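When you read off a place in the sequence shown, starting at 1, and then add 297, the result is the number in this note's numbering. Built from N, CA and C at the ideal position, the CB exists for glycine as well. Owing to the predicted nature of the structure, the values given are computational and were not obtained by experimental measurement. Note sheet for the following structure.
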Amino acid sequence: TTETLRSALIISAVGVPKTITGSMVQDRTILIDVGTTRLEDGSTVGDIAAADFVDRDVWLTPVPGGVGPMTVATLLAKTVECAKKE
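See below:
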């Protein structure tokens, strides 16, 4: 917790729901939530407890729909780049 409180950027890819909570993060922090977990009720949640940050001054990627589309776009761009080199 001490390390996360001192961090300006936190990237979480643990795969454990709600690992990063509001008490672990200072305001004006950038939170990139890479970890996703599908719960028994069918909902998808991230490593970061998003509800803890609703009224906070932080930047938080959404789950789902945050990092995944950027990953796909980057993979496609790199595939095209490799194909052009052939």
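Judged by DSSP in its simplified three-state form, G365 adopts helix. Distance between L357 and L372, taken at the CA atoms: about 23 Å. Nearest in C-alpha terms to L302, of all of E337, Q323, A346, V364, is Q323. In this structure, S309 lies near I345, with their beta-carbon atoms less than 8 Å apart.
Our two residues, S320 and V377, have alpha carbons roughly 43 Å apart in a direct line. By the 16-neighbour rule on beta-carbons within 10 angstroms, G362 is exposed. The Cβ atoms of G332 and V351 lie no closer than 8 Å to each other.
Per the DSSP secondary-structure output, S309 pairs in a beta bridge with D330.
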